[in-house]
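So that you can map any letter, position 131 of the sequence shown is 131 in the UniProt record's numbering, and since no number is skipped, the others follow by simple counting.
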Amino acid sequence: MSDHKLDFDAVNASLCSGIAPLLFSYNKTMKRLKRKCWATGSLIVLLIAALVMRAFGRAITVMSDTRLNGMTIVIDAGHGGKDPGARSQAIDEDEINLKTAKKLQRLLEGAGAEVIMIREEDVDLAPADAKNVKREDLKKRVEIMNQPQVTLFISIHCNISLDKRVHGAEVYYQQGNENSHQLAAAVLERLRPVTQSKFQPKTGNIYILKQTTTLGILAEIGFLSNSQDLAALQKDEHLDEIAYAIFQGIDDFVKILE
């Protein structure tokens, strides 16, 4: 056993002299980290706020606009029930039409319009004992559209073609009705960048457009026969953009009439 005594006071002083700088350095580092954390936290909050504003900005804008107050708009989600419409790769047109119609409904109601939905689920409007379901269904739709309080109607459909290269939205208007032509042009102008459409407003042998006296149009929002259109039409975000484009087109048309 050694007879040397340990000088605790000297050791303690030595340790303190070594630890003090370390503690000072640690405190400085922690302060810097705290400042960075606060800065990072603030940045995260700002980013989240920006994303929220981006997500809800459209809705806020729509709800603050009352331009469509007093208007009654019929939204016709094409087909439904026994008539699924066009089909491609097990995807039925009527489902896409209805999803888009409901999105448009929310936008229009947010802007002050009263909306009449032709259908809100997977049904047709033909009587149960109808021999010609499609014809009876269309007659009932026309009857709703021609109600005296209706300002205008929008019929939403998807297209199909033997040429799989054809893509983009088409909008049909009532022949001889200049207001219908202007409405179709306004809606298609908004749909072009969303669907990469190169079409112009057109007329056609379409029962609803020929039998209605109320102002209206029929929008074909894409081709189920085109692979790119088909993929896009299955995405909820794309249908949001289509509904918003149609809404903007209606709003643009109303501005023209003012």
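Cβ atoms here follow ideal geometry from the backbone N, Cα and C, with glycine treated the same way. Computed from a predicted structure; not experimentally measured.
Quiz item: Is there contact here, the region 240-253 with the region 180-192, by at least three beta-carbon pairs under 8 Å?
Solution: By the criterion of at least three beta-carbon pairs nearer than 8 Å, the region 240-253 is in contact with the region 180-192.
Exercise. Check whether the region 162-179 touches the region 209-224, counting contact only when three or more Cβ pairs, one atom from each stretch, lie closer than 8 Å.
Key: Because the criterion of three Cβ pairs below 8 Å is met, the region 162-179 and the region 209-224 touch.
Quiz item: So is asparagine 205 buried or exposed if we call it buried at 16+ other beta carbons inside 10 Å?
Solution: Exposed: under 16 other Cβ atoms inside 10 Å.
Exercise. Output the boundary residues of the alpha helix (DSSP H) element that contains asparagine 97.
Key: Run containing asparagine 97: 93-110, per the alpha helix (DSSP H) assignment.
Quiz item: Does the region 159-167 come within contact of the region 122-137, defined as at least 3 CB pairs closer than 8 Å?
Solution: Pairwise C-beta distances place the region 159-167 out of contact with the region 122-137, as fewer than three of them are shorter than 8 Å.
Quiz prompt | Simplified DSSP assignment, three categories, for aspartate 122 | solution = Reduced to three states, the DSSP call for aspartate 122 is coil.
Self-check item: Start-to-end residues for the alpha helix (DSSP H) that takes in glycine 249
Solution: Annotation: the continuous alpha helix (DSSP H) that includes glycine 249 extends over 236-257.
Quiz item: Would you call residue 260 buried or exposed, if buried means 16 or more other Cβ atoms sit within 10 Å of its Cβ?
Solution: A question about residue 260 goes unanswered here, because the residues of the chain that appear run from 1 up to 258.
Quiz prompt | Whole runs of the beta strand (DSSP E) within the UniProt domain "MurNAc-LAA" (142-251), excluding any shorter than 3 residues | solution = Those beta strand (DSSP E) runs which fall completely within the UniProt domain "MurNAc-LAA" (142-251) and span 3+ residues are 152-159, 170-173 and 216-223.
Quiz item: DSSP puts leucine 76 in a beta bridge; with which residues?
Solution: Here residue 76 turns out to be aspartate, not leucine, going by the sequence shown. Aspartate 76 is bridged by DSSP to Ser155.
Quiz item: Thinking C-alpha only, which one of Pro84, Leu68, Arg119 and Ile256 is nearest residue 292?
Solution: What the structure shows of the chain is the stretch from 1 to 258, and residue 292 is not part of that stretch, so it cannot be assessed.
Practice problem: Report the option in Pro84, Leu183, Glu114 and Lys139 whose CA atom is closest to the CA atom of glutamine 211. | Solution: Of Pro84, Leu183, Glu114 and Lys139, the smallest CA-CA separation from glutamine 211 is found for Lys139.
Quiz item: Residues bridged to glutamate 136 by DSSP?
Solution: Answer is none; glutamate 136 lacks a bridge partner.
Quiz item: Nearest-angstrom Cα distance between arginine 112 and aspartate 251?
Solution: Residue identity check: residue 112 is glycine in the sequence provided, not arginine. Whole-angstrom Cα-Cα distance: 12 Å.
Self-check item: Euclidean distance between Cα positions of leucine 108 and valine 123
Solution: Distance from the CA atom of leucine 108 to the CA atom of valine 123, rounded to whole angstroms, is 23 Å.
Self-check item: Sequence-distant residues of the same chain with beta carbon closer than 8 Å to glycine 249, five excluded per side
Solution: Cβ neighbours of glycine 249 beyond the five flanking positions: Leu183, Ala186, Val187, Leu188, Glu189, Arg190 and Leu191.
Exercise. Measure the beta-carbon distance from threonine 195 to glycine 222 and round it to whole angstroms, keeping in mind my assumption that it falls under 8 Å.
Key: Between threonine 195 and glycine 222 the beta-carbon gap is near 6 Å, inside 8 Å, which marks them as a contact.
Quiz item: So what's methionine 117 in DSSP terms, helix, strand or just coil?
Solution: Methionine 117 falls in the strand class under three-state DSSP.
Quiz item: In angstroms, rounded to a whole number, what distance separates the CA positions of glutamate 121 and leucine 98?
Solution: Their backbone Cα atoms lie some 7 Å apart in a straight line.
Exercise. Tell me whether the beta-carbon of methionine 145 lies closer than 8 Å to the beta-carbon of valine 254.
Key: Their beta carbons are not under 8 Å apart, which means methionine 145 does not touch valine 254 by this criterion.
Quiz item: Going by the CB atoms, is the gap between glycine 78 and glutamate 93 shorter than 8 Å?
Solution: Contact flag set, yes.
Practice problem: Report the option in Ser180, Ala101 and Glu170 whose CA atom is closest to the CA atom of lysine 198. | Solution: Nearest to lysine 198 by C-alpha distance, out of Ser180, Ala101 and Glu170, is Glu170.
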